[in-house]
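In the working numbering, the protein residues as written are 15 to 248.
No residue lacks a Cβ here, since even glycine has one placed at the ideal position from N, Cα and C.
Please read all numbers here as calculations on a predicted model, not as lab measurements.
Okay, structure first, notes after.
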């Protein structure tokens with residue numbers, strides 16, 4: 015009877031040992047294999063764990079031998095590598111806007127209505143005529159010109175001789191005014207062409223009196239020709 019009881023006790027102890035051996039194996043089926051003598055491992059070098067998933071430390075264990083899988087709190091975690099922020103690109107200076115190239119004014123020919131400059135059949139400048147010549151003098155400031163040619167013209171009313179003299183007097187009056195504005199007299203030439211170069215040729219036939227005078231208005235003019243150039247910024 016005593017022998018039988020001993021046999022039963024031995025069988026129970028053997029079964030418990032087998033269960034204890036199998037439990038760590040099941041719990042650690044997903045564990046990585048380790049090579050250490052600080053923790054209990056099974057025959058496959060897989061960590062043996064308790065029923066609560068804890069590792070079994072051996073007598074050789076020291077804190078220095080702690081591993082992440084068993085004692086994560088004792089293992090010094092590597093600090094994550096922090097990449098330095100990318101260097102800010104050097105400021106790029108905005109491109110300079112190209113300066114506009116100077117414009118060269120070609121030789122000009124300006125036409126002034128004699129009716130704007132002078133009273134009808136007169137050679138004395140009117141206030142409006144003086145203002146127009148003021149603008150011309152201002153335009154010519156800084157210009158590189160060789161000569162200013164003032165050419166007087168009349169309509170066909172009156173004799174050829176009279177109209178020739180009238181055109182000359184009007185050109186001379188315009189020159190005198192420009193010289194008074196600082197333009198060198200040596201650079202201002204005058205010429206009278208009377209009624210020889212009408213711009214209304216054949217357009218006013220048959221018109222009487224005031225209608226004819228009005229129709230011939232474009233013929234009564236002073237042409238200003240400037241030969242030279244002037245550079246101006248755009």
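Non-local C-beta neighbours of residue 201 in its own chain, meaning closer than 8 Å and more than five positions away in sequence, comprise 159, 160, 161, 162, ordered along the chain. With the rule of 3 Cβ pairs closer than 8 Å, the segment 202 to 216 does not count as touching the segment 136 to 152. Here residue 174 carries a helix assignment [DSSP, helix/strand/coil]. Listed as beta-bridge partners of residue 163 by DSSP are 203, 239. C-alpha of residue 60 to C-alpha of residue 82: approximately 14 Å in a straight line. When the alpha-carbon of residue 66 is set against those of 51, 49, 187, 84, the nearest one is in 84.
By the beta-carbon neighbour count (other beta carbons within 10 angstroms, threshold 16), residue 189 is buried.
One alpha carbon belongs to residue 223, the other to residue 126, and they sit about 24 Å apart. Distances from the CA of residue 183 to each of 192, 138, 171 were compared; the closest alpha carbon is that of 138. Under DSSP, residue 127 forms a beta bridge with 235. Between residue 106 and residue 164 a beta carbon distance of about 57 Å is seen, past the 8 Å cut, so the two are scored as non-contacting. Residue 58 has its alpha-carbon roughly 12 Å from the corresponding atom of residue 50. In the three-state reduction of the DSSP assignment, residue 229 falls in the helix class, which pools H, G and I. Between the alpha carbons of residue 172 and residue 226 lies a gap of roughly 13 Å. According to the DSSP assignment, residue 105 belongs to no alpha helix (DSSP H), since it is labelled neither H nor E. Each residue's CA atom was taken as its position, placing residue 180 and residue 231 some 15 Å apart. DSSP places residue 143 inside the alpha helix (DSSP H), whose first and last residues are 141 to 153. Residue 133 sits in coil when the DSSP states are folded into three classes, being neither helix nor strand. No Cβ-Cβ contact shorter than 9 Å links residue 240 with residue 131. Assigned with DSSP and collapsed to three states, residue 158 falls in strand. In the displayed model, residue 191 falls within a helix according to three-state DSSP. Judged by beta-carbon spacing, residue 208 lies beyond the 9 Å limit of residue 153, meaning their Cβ atoms are not closer than that value. Judged by beta-carbon spacing, residue 147 lies beyond the 9 Å limit of residue 221, meaning their Cβ atoms are not closer than that value.
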